[in-house]
Structure formats: C-alpha cells, structure tokens
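Notes for the one structure printed next.
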Amino acid sequence: MSKYKKFALPLIILLAILVVVFTGKAFSTKTAAAKDNRTEVVFWHEMGGPAEKSLMKVVDGFNKSQTKYRVVPKYQGSYDAAIQKILQTHGTSTSPAVFQAFDISAAQMMHSKFTTPVQKFIDADNFDVSKISPVARSFYSDKGKQQAMPFNTSQTVLYYNASLLEKYGITPPPVSPTYSDITRVAKEIYEKSNHQVKGMTVQIYGWLLEQAMANAGVSLTNNNDGHTGIPTKATINNKAAKEFFEWIRENQKNGDFISYGSGAMAGTNQTTSFLNGKLGIYMQSSASMSQLNKKNKNKLGITYFPHPDGQKANGVAIGGAALWISNDKPKDVQQGAFEFIKYSLKPEVQAQWQKDTGYLALNKDSQQTKILKDLYKKHPEARVPSQQLQEAVPNNFNSGILMEGMQKTRQIEQFAMESIYNGGDIVKALKDADKKIDENLTTTNRANGYH
Numbered sequence: 048m049s050k051y052k053k054f055a056l057p058l059i060i061l062l063a064i065l066v067v068v069f070t071g072k073a074f075s076t077k078t079a080a081a082k083d084n085r086t087e088v089v090f091w092h093e094m095g096g097p098a099e100k101s102l103m104k105v106v107d108g109f110n111k112s113q114t115k116y117r118v119v120p121k122y123q124g125s126y127d128a129a130i131q132k133i134l135q136t137h138g139t140s141t142s143p144a145v146f147q148a149f150d151i152s153a154a155q156m157m158h159s160k161f162t163t164p165v166q167k168f169i170d171a172d173n174f175d176v177s178k179i180s181p182v183a184r185s186f187y188s189d190k191g192k193q194q195a196m197p198f199n200t201s202q203t204v205l206y207y208n209a210s211l212l213e214k215y216g217i218t219p220p221p222v223s224p225t226y227s228d229i230t231r232v233a234k235e236i237y238e239k240s241n242h243q244v245k246g247m248t249v250q251i252y253g254w255l256l257e258q259a260m261a262n263a264g265v266s267l268t269n270n271n272d273g274h275t276g277i278p279t280k281a282t283i284n285n286k287a288a289k290e291f292f293e294w295i296r297e298n299q300k301n302g303d304f305i306s307y308g309s310g311a312m313a314g315t316n317q318t319t320s321f322l323n324g325k326l327g328i329y330m331q332s333s334a335s336m337s338q339l340n341k342k343n344k345n346k347l348g349i350t351y352f353p354h355p356d357g358q359k360a361n362g363v364a365i366g367g368a369a370l371w372i373s374n375d376k377p378k379d380v381q382q383g384a385f386e387f388i389k390y391s392l393k394p395e396v397q398a399q400w401q402k403d404t405g406y407l408a409l410n411k412d413s414q415q416t417k418i419l420k421d422l423y424k425k426h427p428e429a430r431v432p433s434q435q436l437q438e439a440v441p442n443n444f445n446s447g448i449l450m451e452g453m454q455k456t457r458q459i460e461q462f463a464m465e466s467i468y469n470g471g472d473i474v475k476a477l478k479d480a481d482k483k484i485d486e487n488l489t490t491t492n493r494a495n496g497y498h
C-alpha cells in the first residue's frame with residue numbers, strides 16, 4: 048500500500064464521522080426549532096464591539112423570559128449603512144421586524160411610512176410609558192404620538208479631570224455650569240500648570256453646536272426644529288450660536304483652549320489627552336463614561352452641558368438611537384417586536400444596560416435598582432447624566448431636530464466651526480451655514496414632494 052493510500056482511508060473515515068456529527072447537529076437544531084414553534088422576530092442593529100455583547104444579554108434575556116417569540120439579532124454595520132438597507136429592503140422577505148435607527152434619521156423614518164407607530168401597541172396594551180424619560184420619548188414622537196421607542200440613549204455632558212483640580216486647588220464647576228464657570232476653571236488649569244495642561248476643548252462636531260442652541264432654548268430651523276412642520280429655513284445665525292462661539296474665542300485668546308479638529312481621530316485624540324492629564328475639560332457623549340471609568344487613572348468629574356450666562360439651562364437633546372417596528376410584517380410578528388421593546392424598558396434591564404454600556408437607563412425606576420445603586424456608590428459621578436436627563440422638561444428645542452438631510456447639515460455646521468476656530472468672522476460663518484443648509488433643505492424637500 049502506498050503512503051497516500053495508507054493515509055487516505057483514515058481520512059475518509061474521519062470525514063464520514065464529521066459529516067454524520069454535523070448533519071446530526073443540524074437536524075437536531077432544525078427539529079428543536081420546529082418543536083419550539085415560536086414566532087421569529089428579526090432584529091437589525093448597529094451595536095458593535097462590547098456594546099454588542101451587552102445587547103446580546105438583552106436579547107437572550109427576552110428569549111428566555113417567554114416562549115411565544117424568538118428575537119433573532121443581525122448586525123448591519125454603521126447607522127448610515129443600516130438606514131439604506133432598511134429603506135431598500137422594505138416590503139421584501141429580508142426586511143427586519145424591528146430595527147435600530149439613529150436619532151438624526153427620525154424624520155426620514157417617520158416620513159417613509161414604512162413603520163407602525165409604537166403608539167398603536169401602547170394604546171392596545173395600556174402600556175404605561177410615564178416612567179420612561181419624557182425628553183427621550185419626545186424626540187421620537189409626532190403630534191404627541193409615539194413613533195418609536197428610545198433605546199440606546201445618551202446626553203452630552205462635560206467631563207473634567209477632578210484629580211487635576213484637586214492638585215492645583217481649583218474649585219470644581221457647579222453641576223449646571225455657565226460658560227463663565229467653565230472659563231474660570233479652564234483658565235486656572237492652564238495658568239496653575241504653568242501652561243503644561245490645556246484647560247479645555249470643544250470638538251468640531253455639529254452635534255455640540257446643536258446642543259448649545261438647545262440648551263439656550265433656540266432652534267436650528269424654522270417650524271420649531273421640525274416639530275410643528277417640515278423645516279424650510281435654517282436659523283443657525285442666532286444669539287445663542289454667537290454666544291457659544293464667542294465663549295470659545297475668549298478661551299482661545301486666554302491660551303487655555305486647544306482644538307483637536309474634527310472627525311473620529313479628533314475624538315480619539317482629545318480623549319487620549321484627557322486620560323493622560325494633558326487636557327482638563329472636554330464635552331462628549333455620556334456613553335463615553337464607561338470607557339473613561341475603565342481607563343482613567345485620575346478621578347473623573349462630570350457636570351451638565353454648560354449654558355449661557357444670565358439664563359437658565361433649557362436642557363440638551365438626546366443622542367443615540369431608537370427601536371422602530373416595520374409595518375410590512377404580519378401582526379403577530381409586529382406584536383413580538385413590541386413585546387421585545389417592552390422587555391428592553393424594564394427597570395433591571397435598563398439598569399444593566401447603563402452599567403454595561405454607559406447609555407442611560409430610561410426607566411426612572413431603574414435608579415432604585417441595586418445595579419445602579421452599586422454603580423453610583425463606586426462612581427458617584429455616573430449619576431450626573433441621568434440627573435441632567437430627568438431634570439429637563441421636554442420642549443421643541445431640546446427634543447431633537449426632525450429634519451431630513453441632517454448628515455449634510457452636520458457637514459455644513461462643521462465647515463462653519465472650522466472657519467470660526469481658524470479666526471474667521473463668526474456672523475459671516477453662521478450666515479454662510481444658513482444659506483447652505485437652506486439650499487440643502489430646498490433640494491431635499493423638492494425630492495420628497497414637500498411644498
């Protein structure tokens with residue numbers, strides 16, 4: 048027998064065994080699924096990395112909590128990519144029953160008519176939504192009717208290096224600071240560190256400009272940011288935006304301000320500088336808190352997003368995404384989607400979600416769970432973003448911007464910010480931004496048939 052024949056026979060036997068084993072497993076799995084007889088609910092999401100593992104906990108918890116439905120999660124990549132897939136597959140067998148869509152796509156999803164408003168299920172089920180954050184809910188509502196349910200929710204907050212402040216004997220900013228409060232701290236950090244530590248930064252990111260306007264109680268567009276009609280005109284050239292940029296320019300002149308530019312790398316660089324003790328203050332999503340607590344050798348301080356001097360904070364809008372129910376699926380599948388949404392809002396589920404990811408627990412009863420009490424005991428600052436969300440009273444200015452074409456608007460905002468950061472005239476940059484957003488609105492509204 049040749050050496051090849053000598054090895055061929057055992058190899059064939061091994062392959063035959065593997066075929067039997069895997070075929071048997073596949074048959075066993077199919078049989079179990081058939082016996083299971085659950086209604087399948089396909090769930091498209093955009094959670095990657097550690098957040099996806101946390102999301103799988105929620106899905107597994109729901110599937111184990113009952114025997115009628117089985118949620119099948121499927122990762123779809125980035126928020127932008129997922130939206131296109133949702134719009135392109137609607138009405139086909141491959142579309143999802145429930146899907147995650149990010150905040151700035153809310154208007155697009157509402158206008159698509161591809162979803163069943165969750166209000167329909169809320170009313171039929173007599174589901175009490177009063178314990179779910181009203182500011183978070185208001186972003187995804189239309190004329191008082193809930194279109195989708197907020198899920199992974201964040202707030203913009205201000206982070207500061209508490210250890211650095213203690214080192215230099217600097218009084219921390221108050222919980223709800225004014226621009227002047229932050230300027231004082233940033234300037235002291237810069238001066239008392241002998242210019243070795245920059246006091247503050249504000250990333251070139253349209254979301255932060257939008258939050259500054261929301262907290263000052265003004266809108267980015269007419270028709271109350273789209274809450275009382277389709278936006279047709281931009282209103283960025285306003286008093287609040289000017290004050291925001293004048294505040295940044297004041298700190299630039301003081302020398303305590305540093306710009307890391309725009310984009311993902313800017314976000315990474317400012318976080319790295321903050322963790323390394325080279326930056327004292329920056330503003331970012333509350334969802335960053337989980338990362339900062341894991342990698343920070345310094346004590347972390349958190350306050351609310353700052354507001355203009357001489358007026359009360361109006362509250363900022365949420366970030367993140369919501370869960371929507373597709374209207375191209377049978378009634379029982381849509382009901383299963385709503386049951387999953389209800390489960391995701393349970394106090395304990397929301398509490399664990401906040402602890403694992405940094406996204407905020409939306410059910411106010413979550414604050415009383417042992418999960419969050421233990422978290423706040425270890426990290427007292429982790430309570431601040433939730434307090435900011437709870438204290439805000441929803442209105443047209445802090446309930447998000449319901450406007451299609453927000454991705455393009457963010458690019459225009461970024462261009463204006465870059466111009467101002469580089470010394471350009473503030474009013475001119477804002478007027479130019481208004482003009483470009485107006486042009487984009489006109490094009491978008493015509494394409495959608497709005498007049």
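Sequential numbering of the sequence shown, starting at 48, is according to the working numbering. Every residue gets a Cβ at the ideal spot worked out from N, C-alpha and C, and that includes glycine. Predicted, not measured: the structure shown is a model, and the values here were computed from it.
- N270 is the residue among N270, I130, S309 whose C-alpha sits nearest the C-alpha of A281.
- In the same chain as S333, and ignoring 5 residues on each side of it, the C-beta atoms closer than 7 Å to its own belong to S201, Q202, V204, G405, L407, P432, in chain order.
- For a cut-off of 8 Å, the C-beta gap from N361 to N469 is around 29 Å, too long to register as a contact.
- Looking only at P377, E486, Q461, E428, the smallest Cα-Cα distance to V145 is reached by P377.
- DSSP places A369 within a strand segment (E or B) once states are collapsed to three.
- A straight-line Cα-Cα distance of about 6 Å links M453 and I151.
- Counting C-beta pairs closer than 8 Å gives three or more between the segment 300–316 and the segment 235–253, which meets the contact rule.
- Taking a 10 Å sphere around the C-beta of T318, we find 16 or more other C-beta atoms and assign the residue as buried.
- The straight-line gap separating the alpha-carbon atoms of N492 and Q193 is approximately 24 Å.
- Per DSSP, the unbroken beta strand (DSSP E) holding N208 starts and ends at 196–208.
- Just so you know, the alpha carbons of E438 and K411 end up roughly 12 Å apart.
- When rounded, the separation of the alpha-carbon atoms in T350 and M336 is 12 Å.
- The three-state reading of DSSP puts P394 in helix, counting H, G and I together.
- Boundaries of the alpha helix (DSSP H) harbouring Y226: 226–239, taken from the DSSP string.
- Secondary structure at F146: strand, using DSSP grouped into helix, strand and coil.
- By the C-beta density criterion, A128 is exposed, having fewer than 16 other C-beta atoms within 10 angstroms.
- Within a 10 Å sphere around the beta-carbon of N173 sit fewer than 16 other beta-carbons, which makes this residue exposed.
- The DSSP assignment places 245–248 as complete runs of the beta strand (DSSP E) inside the segment 232–313, in order along the chain (cut-off: 3 residues).
- By the Cβ-count criterion, M312 is exposed, with fewer than 16 other Cβ atoms from all chains shown falling within 10 Å of its own Cβ.
- Listed in chain order, the alpha helix (DSSP H) elements of length 4 or more contained wholly in the segment 80–141 are 96–112, 126–136.
- C-alpha of M247 to C-alpha of Q381: approximately 47 Å in a straight line.
- Straight across, the Cα-Cα distance linking F161 with S142 is about 11 Å.
- The C-beta separation of I448 from G191 comes to about 18 Å, leaving the pair out of contact by the 8 Å criterion.
- Residue burial is scored here from C-beta neighbours: G276 has fewer than 16 other C-beta atoms within 10 angstroms and is therefore classed as exposed.
- Using a Cβ distance threshold of 9 Å, L422 and Q401 count as a contacting pair.
- In the structure shown, Q435 falls within a helical segment according to DSSP collapsed to helix, strand and coil.
- The beta carbons of V182 and I365 sit about 6 Å from each other, so the pair counts as a contact at 8 Å.
- Taking the C-beta atoms as reference points, G264 is found nearer than 9 Å to A287.
- Burial state of Q243 is exposed, judged by a 10 Å Cβ sphere holding fewer than 16 other Cβ atoms.
- Check the Cα spacing between N241 and each of S227, D170, G308, K325: the tightest is with K325.
- A residue is called buried once 16 or more other Cβ atoms fall within 10 Å of its Cβ, and P427, having fewer, is exposed.
- Looking at the backbone, the Cα of S320 and that of S306 are separated by about 12 Å.
- Judged by DSSP secondary structure, M450 falls outside any alpha helix (DSSP H); it is assigned neither H nor E.
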